[in-house]
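To start, the structure itself, in structure tokens.
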Amino acid sequence: KQEVTQIPAALSVPEGENLVLNCSFTDSAIYNLQWFRQDPGKGLTSLLLIQSSQREQTSGRLNASLDKSSGRSTLYIAASQPGDSATYLCAAQHSKAAGNKLTFGGGTRVLVKP
Amino acid sequence: DVKVTQSSRYLVKRTGEKVFLECVQDMDHENMFWYRQDPGLGLRLIYFSYDVKMKEKGDIPEGYSVSREKKERFSLILESASTNQTSMYLCASREQNIQYFGAGTRLSVL
Numbered sequence: 001k002q003e004v005t006q007i008p009a010a011l012s013v014p015e016g017e018n019l020v021l022n023c024s025f026t027d028s029a030i031y032n033l034q035w036f037r038q039d040p041g042k043g044l045t046s047l048l049l050i051q052s053s054q055r056e057q058t059s060g061r062l063n064a065s066l067d068k069s070s071g072r073s074t075l076y077i078a079a080s081q082p083g084d085s086a087t088y089l090c091a092a093q094h095s096k097a098a099g100n101k102l103t104f105g106g107g108t109r110v111l112v113k114p
Numbered sequence: 001d002v003k004v005t006q007s008s009r010y011l012v013k014r015t016g017e018k019v020f021l022e023c024v025q026d027m028d029h030e031n032m033f034w035y036r037q038d039p040g041l042g043l044r045l046i047y048f049s050y051d052v053k054m055k056e057k058g059d060i061p062e063g064y065s066v067s068r069e070k071k072e073r074f075s076l077i078l079e080s081a082s083t084n085q086t087s088m089y090l091c092a093s094r095e096q097n098i099q100y101f102g103a104g105t106r107l108s109v110l
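Just so you know, the sequences run in chain order A and B.
Okay, so the first sequence: first residue is 1 according to the numbering used here, each after it adds one.
Okay, so the second sequence: first residue is 1 according to the numbering used here, each after it adds one.
Next up, the structure:
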């Protein structure tokens, strides 16, 4: 059974610092990995999707890498801003899972201090 | 823009009531999902549907049922609400492996 872990559970950085968020998964036979952002009391917004054949994806200040062999993905946010404060979740879509469902990590709660 | 709409942001119900949570998407997606989110437990899949009238159990289907009579609408039903079903419920639809989420319904069962 796939397990997805995000450590640390919470992170606080000063504005302008680069953010590095970690995601690890136990079964490397994933189809893709997706990063989401969740603001308090709200739903999830998809940030980046990395296919299993890709090593990284970029969108603006966001860059996500994927290393299947080590079971890790990392989300980098450059030059953090207070508006980046949110919870970030990663989710692995398993190749063999019925309906290609996602397995979510517990999330990392980020606070960017002005 | 993809839009997934959950009919209620907040609901308060009594133990034993039958509860309907509605979710509508406007992008003709075939796949739709219901999750619940609890502190320390993360998001857990309750049910999903890959077509009209088709449904599959997720990881925690006990105490829930679903209905998908039309492609755009996926309903989650709590047949007899219990206090341990107090949670944040999130609906999602999927296109090309990307899941799009609604804003969530925070349900309190008293």
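Ideal Cβ placement from N, Cα and C applies to all residues, glycine included.
Note that the coordinates shown come from a computational prediction; the quantities given were computed from them, not determined experimentally.
- Around the CB of M32(B), 16 or more other CB atoms lie within 10 Å, so the residue is classed as buried.
- For K42(A), the residues of chain B that pass the 8 Å Cβ criterion are A103 and G104, in the order they occur in the chain.
- If you look at I7(A), you'll find it isn't in any beta strand (DSSP E); DSSP assigns it neither H nor E.
- Contact between S73(A) and L66(A) holds, since their C-beta atoms are separated by about 5 Å, short of 8 Å.
- Only G42, L43, L45, F48, Y50, E56 and G58 from the stretch 41-65 of chain B bring a Cβ to less than 7 Å from some Cβ of chain A.
- Using a Cβ-Cβ cut-off of 8 Å, I77(B) does not count as an interface residue toward chain A, since no Cβ of chain A sits closer than that to its own.
- For L90(B), the neighbours in chain A by C-beta distance under 8 Å run, in chain order, G43 and L44.
- Counted as a single uninterrupted DSSP element, the beta strand (DSSP E) harbouring N63(A) occupies residues L62 to D67.
- What Q34(A) touches in chain B, judged by beta-carbon distance under 8 Å, is N97, I98 and Q99, going in chain order.
- In the three-state scheme derived from DSSP, where H, G and I count as helix and E and B as strand, G83(A) is classed as helix.
- The C-beta distance from A86(A) to V110(A) rounds to 6 Å, short enough to fall under 8 Å.
- Using beta-carbon distances, Q2(A) does not count as an interface residue toward chain B, since no partner is under 8 Å.
- The DSSP-derived three-state label of T26(A) is coil.
- For chain B, the residues of the stretch 79-106 of chain A that bring a beta carbon within less than 9 Å of one of its beta carbons are L89, A91, Q93, A98, G99, N100, K101, L102, T103, F104, G105 and G106, in chain order.
- Assigned with DSSP and collapsed to three states, N84(B) falls in helix.
- Ranked by how close their Cα comes to the Cα of I50(A), the residues R61(A), L21(A) and W35(A) have W35(A) in first place.
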